[in-house]
Amino acid sequence: MTELSAAPVLSTPAEHTFEDPTPTPPPPPTELRTEDELASVYEIGRTAREIKEGGWNRVALQFPDSMLCDASWVAEALTKALGGGGDGHRVYILADTSYSACCVDEIAAEHADAQVVVHYGRSCLSPTSRLPVIYVFTRHTLDIGQAAEAFRKEFPDKEKKVVVMADVTYQDHVVPLTSKLRATGYTQLLHTQVAHDPAGTIPNRSIVDSASREGSETDLSQYSLFHISAPPPALLLALQTRMASLHVLSTPSLSTDDPTRTTNALLRRRFARVLTLATAGVVGILVNTLSVSNYLGSIDLLRRRIAEAGKKSYTVVVGKLNAAKLANFAEVDGWVVVGCWESGLVEEDAGFFKPVITPFEMEVALKPESERVWGLEWWGGIEKMDHTAARPDEEELDEDESAPPEYDLRTGRLVASRPMRMPIRSANGAAKADDGERSAQAPGRSALVKREVGEVATINGVLSPGAEYLRSQRTWQGLGTDYDEESSTVVEEGRSGVARGYKVGEDTGRA
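Residue numbers (the UniProt record's numbering): 1 to 511.
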């Protein structure tokens, strides 16, 4: 038998354990293009015209990683179109926008003291809080004839109700494709146009001439969707709950795909995350945007809703989400992301130790069990949060035993998911009770609610989930906590001297 020269490999490599599990969309195909083609793709003329009309001199250009190869050419061409810099125009290329490239990076633009941001590529179109934005979606080619043939194979019935939609980078082809299909006999087609409304029935889209059809809003549940280019997961979830069926035309292969089954499975996993957060006692609020309008108000609203549900919240500002960052907060039972409606969805969160959900899902999780209904729609982002909802009437609970029991529906385990609704009655408060009622009820009451000193960790008389976790779950609680209170360390004189030789106490010898 041969001897092993090295230890056997007992596990798979762990280099990718803490990487962001969210898959990044494949970059669009790149090919050599002439200057005229580049000027058309990046809409140099329109961009220069809008900058001059706005009276802006300092311009920041934001590119996704897939377009950085053209960034220097675009900056030079735009500078020439603005007059070569002679009119005081300055063009800057922003860096470090790899994560959440769909959002406008106002922080990076303010570093250059920019007056306007030109955002290139696909975008979530979330409203910004400070700077004006010029969106250049860029233009990609599409064979209208092959796309129409793929549509006819997918929908042979010409009376089928279908909404034609495309990614913003292919939006220019929606009207020509719809016109070609109508010319071949399709009579129940609708098409969409870009609208800056993430909270719309179809996010960032409006259905053209929908109001003229029978004088009312279109019932999307009767329509199938034909989408050009693969949509982001957040859009798929939103459309799955609104449309009769989904059909995606992949680009550039022009093959069709039905994502209904995978999207339904993703919806079921999202609801499982909601049940997990419903029984959580400590909720972390992840802020991964500083540019989306009204994000501060949404954070305050989440804090208030979580507190009203009797839970504790902690706010953490984070850039790119990954498991390594969130693993540092073991006390948190789950996370809710405050960001744009696309990047706020963590689709593949298997690598995270605690579930990560959206504000819409958090609002569902905070509802009582009898009112917790998923409904017929799913939303991402903070745009659909109800800032005008009235606060529920708080029911005063003098005893922990008067609260109804709460169970984890996944495990059947009894949980205490409302730690902040567990007040510790003080001796002064008990002394203020009615004398007759106190004399009649005090013996039985004290037998039920009396706790030994140190049994629960409190701060100002209120149970602190963080302090309780530190006391009961942490094996190490800080310097000095691993020593017995009664024992003491003998104070002795240590070594002194220089590095090449020390002496101990009065000993003149070297140590």
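For glycine and all other residues, C-beta sits at the position ideal for the given N, C-alpha and C.
message: Under 8 Å: do the region 100 to 109 and the region 41 to 52 share three or more Cβ pairs, one atom per stretch?
response: no
task: Write down every uninterrupted run of the beta strand (DSSP E) in the region 252 to 278 whose length is 3 residues or greater and which is fully enclosed by it, in chain order.
output: Restricted to the region 252 to 278, not a single beta strand (DSSP E) segment is unbroken, complete and at least 3 residues in length.
- prompt: Which value, in whole angstroms, describes the spacing of the CA atoms of Ala234 and Glu377?
  reply: For this step, residue 234 is matched to residue 234 along the sequence shown. For this step, residue 377 is matched to residue 377 along the sequence shown. Cα-Cα distance, rounded: 12 Å.
query: Counting Cβ pairs closer than 8 Å, one from the region 279 to 295 and one from the region 252 to 270, do we hit at least three?
result: no
task: Could you give the DSSP three-state label for Lys311: helix, strand or coil?
output: Here residue 311 refers to the residue found at position 311 when the sequence shown is read from its first residue. Of the three classes helix, strand and coil, the one that applies to Lys311 here is coil, per DSSP.
message: For His119 and Val91, I'd like the C-alpha separation in whole angstroms.
response: As a first step, residue 119 must be located in the sequence shown, where it is residue number 119. As a first step, residue 91 must be located in the sequence shown, where it is residue number 91. C-alpha separation (whole angstroms): 13 Å.
field: Asp197 versus Gly83 - alpha carbon distance
entry: One-based indexing of the sequence shown puts residue 197 at position 197. One-based indexing of the sequence shown puts residue 83 at position 83. For Asp197 and Gly83, the distance between alpha carbons rounds to 34 Å.
field: Own chain partners of Ser255 with C-beta closer than 8 Å, once the 5 adjacent residues on each side are dropped
entry: To locate residue 255, count along the sequence shown from 1; it is residue 255. For Ser255, where only same-chain residues beyond five positions count, the Cβ hits under 8 Å are Ala150, Leu249.
task: Tell me whether Cys340 is buried or exposed, calling it buried when 16 or more other Cβ atoms sit within 10 Å of its Cβ.
output: The count along the sequence shown starts at 1 and reaches residue 340 at position 340. Using a 10 angstroms sphere on the CB of Cys340, the tally of other CB atoms reaches 16 or more, which defines it as buried.
- prompt: With distances taken between CB atoms, is the gap from Ala238 to Pro203 smaller than 7 Å?
  reply: Working through the sequence shown from its first residue, we reach residue 238 at position 238. Working through the sequence shown from its first residue, we reach residue 203 at position 203. Yes, Cβ-Cβ distance for Ala238 and Pro203 is below 7 Å.
CA-to-CA distance, His173 to Ala166, given in whole angstroms: By one-based count along the sequence shown, residue 166 stands at place 166. By one-based count along the sequence shown, residue 173 stands at place 173. Cα to Cα, the separation comes out at about 8 Å.
message: Quick check on this structure: which residue in Leu246, Gln222, Gly344, Gln240 has the alpha carbon closest to the alpha carbon of Ile228?
response: Within the sequence shown, numbered from 1, the residue matching residue 228 stands at position 228. Per the Cα distances, Leu246.
message: So if DSSP puts Trp335 in a beta bridge, which residue, or which two residues, is it bridged to?
response: If you number the sequence shown from 1, residue 335 lands on position 335. Per DSSP, Gly284, Val356.
message: For Glu395, which residues in the same chain have their Cβ closer than 7 Å to its Cβ, ignoring the five residues on either side in sequence?
response: Here residue 395 corresponds to residue number 395 of the sequence shown, with the count starting at 1. Reliability of the predicted coordinates at Glu395 is poor, the pLDDT of 48 falling under 50, and no value is obtained from them.
- prompt: Counting along the chain, where does the beta strand (DSSP E) carrying Ser245 start and finish?
  reply: Sequence index remark: in the sequence shown, residue 245 carries index 245 (1-based). Counting along the chain, the beta strand (DSSP E) containing Ser245 begins and ends at 245 to 249.
message: Quick check on DSSP: helix, strand or coil for Leu301?
response: What you label residue 301 is simply residue 301 of the sequence shown in a count that begins at 1. Residue state, collapsed to three classes: helix.
task: Assuming Glu371 and Pro232 form a contact by the criterion Cβ under 8 Å, report the distance between their Cβ atoms to the nearest whole angstrom.
output: Residue numbering aside, residue 371 sits at position 371 when the sequence shown is read from its first letter. Residue numbering aside, residue 232 sits at position 232 when the sequence shown is read from its first letter. Actually they do not touch by this definition, with Cβ atoms about 30 Å apart.
- prompt: Helix or strand or just coil, what does DSSP make of Ala183?
  reply: Along the sequence shown, one-based indexing puts residue 183 at 183. DSSP places Ala183 in helix when its eight states are reduced to three.
- prompt: Using the rule of at least 16 other Cβ atoms within 10 Å of the residue's Cβ for burial, across every protein chain shown, is His111 buried or exposed?
  reply: Taking the first residue of the sequence shown as position 1, residue 111 is located at position 111. Looking at its Cβ environment, which holds fewer than 16 other Cβ atoms inside 10 Å, His111 is exposed.
message: My output table needs one value for His119: the three-state DSSP class, helix, strand or coil.
response: Start at 1 with the first residue of the sequence shown, and residue 119 comes out as number 119. Note: His119 maps to strand in three-state DSSP.
Counted within 10 angstroms of its Cβ, other Cβ atoms place Pro368 as buried (16 or more) or exposed: Residue mapping note: residue 368 aligns to position 368 of the sequence shown, counting from 1. Counting Cβ neighbours within 10 Å, Pro368 comes out exposed, since fewer than 16 surround it.
message: On the criterion of 16 or more Cβ atoms from any shown chain inside 10 Å, does Gly319 qualify as buried, or is it exposed?
response: On the sequence shown, position 319 is the one that residue 319 refers to. Classification of Gly319: exposed, given that the 10 Å Cβ count is below 16.
field: Beta-carbon proximity of Arg139 to Val41, cut-off 7 Å
entry: Residue mapping note: residue 139 aligns to position 139 of the sequence shown, counting from 1. Residue mapping note: residue 41 aligns to position 41 of the sequence shown, counting from 1. Yes, Cβ-Cβ distance for Arg139 and Val41 is below 7 Å.
Pairwise C-alpha distance: Tyr135 and Ser210: Translated into the one-based positions of the sequence shown, residue 210 becomes position 210. Translated into the one-based positions of the sequence shown, residue 135 becomes position 135. Because Ser210 sits at a pLDDT of 46, beneath the cut-off of 50, its placement in the model cannot be relied upon, and the following sentence gives the value as read from the coordinates. Looking at the two C-alpha atoms, the distance is approximately 25 Å.
task: Could you please give me the residues that DSSP links to Phe226 through a beta bridge?
output: On the sequence shown, residue 226 is found 226 positions in, with the first residue counted as 1. For Phe226, which the question treats as bridged, DSSP gives the partners Val164, His247.
query: Near Thr201, what residues of its chain come up, given a Cβ to Cβ distance below 7 Å and the 5 sequence neighbours on each side ignored?
result: Residue numbering aside, residue 201 sits at position 201 when the sequence shown is read from its first letter. Leu220, Arg242, listed in sequence order.
- request: Give every residue of the same chain whose Cβ lies closer than 8 Å to the Cβ of Ala147, excluding the five residues on either side of it in the sequence, and list them in chain order.
  value: By one-based count along the sequence shown, residue 147 stands at place 147. Around Ala147: His173, Leu177, Ile228, Leu249, Leu254.
- prompt: Just how far apart, CA to CA, sit Ile299 and Ser313?
  reply: On the sequence shown, position 299 is the one that residue 299 refers to. On the sequence shown, position 313 is the one that residue 313 refers to. Each residue's alpha carbon lies about 11 Å from the other.
- request: Please classify Ser496: does DSSP put it in a helix, a strand, or coil?
  value: The residue labelled residue 496 in the question sits at position 496 within the sequence shown. Under the three-state reduction of DSSP, Ser496 is assigned to strand.
task: Quick one: grab the DSSP three-state call for Gln146.
output: Counting from one through the sequence shown, the residue named residue 146 turns up at place 146. If DSSP states are grouped into helix, strand and coil, Gln146 belongs with the helices.
- prompt: Which of the three DSSP states, helix, strand or coil, is assigned to Val346?
  reply: On the sequence shown, position 346 is the one that residue 346 refers to. Reduced to three states, the DSSP call for Val346 is coil.
query: Do you know offhand how far Gly381's Cα is from Val490's?
result: Here the question's residue 381 lines up with position 381 in the sequence shown. Here the question's residue 490 lines up with position 490 in the sequence shown. Roughly 59 Å separates the two Cα atoms.
message: With DSSP as the reference, identify every bridge partner of His191, one or two as the case may be.
response: If you number the sequence shown from 1, residue 191 lands on position 191. When DSSP reads this structure, His191 sits in a beta bridge with Val164.
Option in Leu290, Ser293, Lys158, Tyr170 with minimal Cα separation from Thr251: On the sequence shown, position 251 is the one that residue 251 refers to. Among Leu290, Ser293, Lys158, Tyr170, the Cα nearest to that of Thr251 belongs to Tyr170.
query: Alpha carbon to alpha carbon, what distance is there between Glu308 and Val208?
result: Taking the sequence shown and counting its residues from 1, one reaches residue 208 at position 208. Taking the sequence shown and counting its residues from 1, one reaches residue 308 at position 308. Their backbone Cα atoms lie some 42 Å apart in a straight line.
message: As an exercise, report each continuous beta strand (DSSP E) stretch of at least 3 residues that is fully enclosed by the region 29 to 117, in chain order.
response: 58 to 62, 90 to 93
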